[in-house]
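Below is one structure, written out as structure tokens; the observations come after it.
Number of protein chains: 2
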Amino acid sequence: MAVKVGLIGTGTVGAGCLDILRNHHDDFAAHYGVDLEVVRVCSRQPDVARAYGYGDVFTPDYREVVNDPEVQLVVELIGGTDAAHDVVATALRNGKAVVTANKALMATAGEELFSLANESGVELAFEASVGGGIPIIGPLKHSLTANGISKVMGIVNGTTNYMLTQMDEHGVGYDEALRDAQQRGFAEADPSADVDGLDAAAKIAILSSIAFGSRVTLSDVHAEGIRNVSTTDLEAARDMGYCVKLLALGARTPEGIDVRVHPTMLPLSHQMAKVSGVFNAIYVVGDAVGETMFFGEGAGAGPAASAVMGDVIEVARHMVMGVTSFVGCTCTRSLPIVPMDDLETKYYIRFPVADRPGVLASMAGVFADFGVSIYSVVQRGKKEAGSVEVVYVTHTACERDIRAVVAQIASQDDVLRGEPSIIRVED
Amino acid sequence: MAVKVGLIGTGTVGAGCLDILRNHHDDFAAHYGVDLEVVRVCSRQPDVARAYGYGDVFTPDYREVVNDPEVQLVVELIGGTDAAHDVVATALRNGKAVVTANKALMATAGEELFSLANESGVELAFEASVGGGIPIIGPLKHSLTANGISKVMGIVNGTTNYMLTQMDEHGVGYDEALRDAQQRGFAEADPSADVDGLDAAAKIAILSSIAFGSRVTLSDVHAEGIRNVSTTDLEAARDMGYCVKLLALGARTPEGIDVRVHPTMLPLSHQMAKVSGVFNAIYVVGDAVGETMFFGEGAGAGPAASAVMGDVIEVARHMVMGVTSFVGCTCTRSLPIVPMDDLETKYYIRFPVADRPGVLASMAGVFADFGVSIYSVVQRGKKEAGSVEVVYVTHTACERDIRAVVAQIASQDDVLRGEPSIIRVED
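Chains as they are written, first to last, in the working numbering: chain A, 1 to 427; chain B, 428 to 854.
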């Protein structure tokens, strides 16, 4: 049976979807009984549509897709939360199923969009929004349902993982690693969504919502990026038996949901320590299944299109089968977000400080004042003119106290010589 | 809505399922809308049923479960292919959905059972048959459908992976590793299903059937176990930059499906090289998604019960939703099995041979006679009275020729002093 698809966005992922259709359209019909027919293609690049043979169904106006009565399923691949929101919301209101790869949209407007889908009795699928081609939303919504999930933890941003891997393996600094990533097309000209942890924050909001059955939005996630991570930090981590990853973490605690993104030290023996380069991995801990991990390519045309088209086939299969009830929004609880200040963990903190007598003693005093117990303090890295790097590792401490320590040290005259690097330790 | 379940088998996995129900019954009702009600429990151990409060619905006769009109969903956890076949087939014929963890049954009678399910319009689910708690059948049947899968490769037997890890990390021999595994409850008193590769063979038959959309049964799988693997082999592998794993492998080739289980050398840099102990991992390569891996605990009450109960919830959710069309058998093609003799790969072969002049020369002659090109030959291991170990690594060669070489050497008078160890190299 034909299922009529409107595709909006023909960038990397959109073109990847058209590649898959060109290679496998007949397989999908033979194997799954779905004849996917692209009846509308919208983008700012008519050339792409033409190159794939869709020149005659091309439109530059997405409204012509979401309002076309013939279209049954809209694939939204333009990204962002402005036009994309209108695309998805209008399509759902018009009774069309939607498949999207849009993490920012799902992490901010997921609740509203699911209720629109519900009102219209159509499906909204978004496997590609997290982890590229890695199946994770499907497994969480279907395979792992028998578990009380206590933790979901991911390396979900390929750009920063590539940069950290380069810094770790080749000893290059942050700036050089960023330039390299930009040259290879792994990072944008404006890299802030990646390096400041916002991309990862949207993804962990989505994963936490599903894992814990309670809505977590982008603004609930405490996000710190990797701008302050240096090769000194990576070397220090290795000496301690750890690696540094930009980890997105959601945990179910007695108080609610602890959800955050920040540079994290992971033991080298941890399965996720071995996830390098642009690969992604998502680690899930359930009370029955124990530890499980999903690994694969987190970005790129093929992997993301694999997830998008997997959703398209699944939704189309439901249409062909006449299935009108689906698993939609799974947020049936309403758990509080645990304040970041309440976090208790071990901390690694590197301070670039003035190289003069009394500085170390005064810093030690500040840690003591706030009751933060120090496990080790060493001087690391190469000594620059008038400045040294001092690395503290604490015993388990409270985030609130750590912030107070850092603020207090920063407020002292002529002590700090740069931004401190704060890395939380996950054992 | 209540869904009435009949549970057959209360061993490790069955008890794990009852634990999950005890912990999460109310969550399942609140979160997924399914009120799972166990109305029949069958086993040889009335004590277990009683301990979980099911004494009054206990029966020692499975026929009382599969023929009970009240039961809507049968969970088969007795294993084997005799009574279990009758349980599953009768339940399906009687219009009951079935969830099973039975790999041997699915790998031998999958086609027949799926056609029974189809005739009755009920579901047959078997996520727990492969990889314990790791979601893999769901992802293959739902998330990765947009891909042409070229390879599925797994460490799917925890017992042998534990043994090989012990041998590799602690230098203990095969016999000691087996005793250790038996003492810890990881291996049966009769370990042949594990150590001879039959358990893994059933699992790769199931995975290959789904990945390639063409029925592969247990008897199609070429299976070799780990009985001939020694610490010498593990040391030699490490020196070459490899590890040795009992790998279950299915590959789509131009000729059909290449499916086999045998000890395999994997580069230490491969993501699967790091899967140690009782953990399992399944590696899938698709034309869009690229490389992806699913990792977790492959055995034990919790993980297996997680997969069983995930299926139970999914099937029950479909009943509650009134979904009467499902994704059932996905074998829509009929591809030939590639004969093992046609395999072309690199080989590592260790021969325990007589320590006397002329043996090496005569062996080299045999390799030459069959046109097998040798990459390296070294003497390894400790020299015992009158015998030495000689290790050959070949360039890419054909299985047929390798077998002829080994047979020819075995047929020579007074050369072999033990079973050769043949390990295929996967680059």
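For every residue, glycine included, the Cβ atom is placed at its ideal position computed from N, Cα and C.
Residue-level contact to chain B via CB, residue i, 8 Å cutoff
| i | result |
| --- | --- |
| Pro135 of chain A | yes |
| Ser208 of chain A | no |
| Ile374 of chain A | no |
| Val289 of chain A | yes |
| Asn147 of chain A | yes |
| Phe294 of chain A | yes |
| Ala30 of chain A | yes |
| Met305 of chain A | Met is not the amino acid found at residue 305 of chain A; the sequence shown has Ala there. With 8 Å as the cut-off, Ala305 of chain A counts as an interface residue toward chain B. |
| Ile313 of chain A | yes |
| Gln271 of chain A | yes |
| His24 of chain A | yes |
| Gly286 of chain A | yes |
| Ala302 of chain A | One point to set straight first is that residue 302 of chain A is Gly, not Ala, in the sequence displayed. Chain B, which has a Cβ nearer than 8 Å to the Cβ of Gly302 of chain A, makes this yes. |
| Glu297 of chain A | yes |
Residue i in three-state terms, based on DSSP
| i | result |
| --- | --- |
| Tyr459 of chain B | helix |
| Glu297 of chain A | strand |
| Thr108 of chain A | helix |
| Met363 of chain A | helix |
| Val804 of chain B | strand |
| Met1 of chain A | coil |
| Ala518 of chain B | helix |
| Glu491 of chain B | helix |
| Gly14 of chain A | helix |
| Ser761 of chain B | coil |
| Ile447 of chain B | helix |
| Thr324 of chain A | coil |
| Ala146 of chain A | coil |
Residue i - containing alpha helix (DSSP H), residue span
| i | result |
| --- | --- |
| Val320 of chain A | Ala301 to Met321 |
| Leu567 of chain B | Note, Leu567 of chain B: premise wrong, no alpha helix (DSSP H); not H, not E. |
| Ile409 of chain A | Glu399 to Ser411 |
| Thr100 of chain A | Here Thr100 of chain A belongs to no alpha helix (DSSP H); instead the beta strand (DSSP E) covers Ala97 to Thr100. |
8 Å Cβ cutoff, residue i in contact with chain A
| i | result |
| --- | --- |
| Val750 of chain B | yes |
| Pro566 of chain B | yes |
| Met736 of chain B | yes |
| Leu571 of chain B | yes |
| Glu615 of chain B | no |
| Thr759 of chain B | yes |
| Gln499 of chain B | no |
| Gly640 of chain B | yes |
| Lys413 of chain B | Summary: the structure shown does not reach residue 413 of chain B, with chain B confined to residues 428 through 854, and so no result is reported for it. |
Rounded C-alpha distance that separates residue i from residue j
| i | j | result |
| --- | --- | --- |
| Val643 of chain B | Arg783 of chain B | 47 Å |
| Ser209 of chain A | Thr145 of chain A | 13 Å |
| Phe485 of chain B | Pro139 of chain A | 33 Å |
| Glu718 of chain B | Ile709 of chain B | 11 Å |
| Gly197 of chain A | Lys245 of chain A | 12 Å |
| Asp168 of chain A | Tyr174 of chain A | 10 Å |
| Ala237 of chain A | Ser733 of chain B | 35 Å |
| Val122 of chain A | His25 of chain A | 23 Å |
| Glu846 of chain B | Ala837 of chain B | 9 Å |
| Asp233 of chain A | Phe367 of chain A | 20 Å |
| Ser428 of chain A | Pro487 of chain B | Lying outside 1 to 427, the shown extent of chain A, residue 428 of chain A is not represented and no answer is given. |
| Val75 of chain A | Thr330 of chain A | 22 Å |
| Val152 of chain A | Asp258 of chain A | 10 Å |
| Gly300 of chain A | Arg22 of chain A | 18 Å |
| Asp828 of chain B | Gly560 of chain B | 40 Å |
| Gln609 of chain B | Glu615 of chain B | 6 Å |
| Pro263 of chain A | Ala288 of chain A | 29 Å |
| Asn280 of chain A | Ala534 of chain B | 32 Å |
| Gln499 of chain B | Cys469 of chain B | 15 Å |
Segment limits, beta strand (DSSP E) that includes residue i
| i | result |
| --- | --- |
| Asp354 of chain A | Looking at the sequence provided, one finds Ala at residue 354 of chain A rather than Asp. Where Ala354 of chain A is concerned, the enclosing beta strand (DSSP E) stretches over Glu344 to Ala354. |
| Ala708 of chain B | Phe706 to Gly713 |
| Thr821 of chain B | Ser814 to Thr821 |
| Ile582 of chain B | Ile576 to Ile582 |
| Leu500 of chain B | Leu500 to Glu503 |
| Ser848 of chain B | Ser848 to Val852 |
Secondary structure, alpha helix (DSSP H): runs of 4+ residues fully inside the stretch 163 to 239 of chain A: Runs of the alpha helix (DSSP H) lying entirely within the stretch 163 to 239 of chain A, each at least 4 residues long, are 174 to 183, 192 to 195, 198 to 212 and 231 to 239 in chain order.
Runs of alpha helix (DSSP H) lying entirely within the stretch 35 to 60 of chain A, each at least 4 residues, in chain order: 46 to 51
Beta strand (DSSP E) runs contained entirely in the stretch 668 to 699 of chain B, provided each spans 3 or more residues: 669 to 680 and 683 to 694
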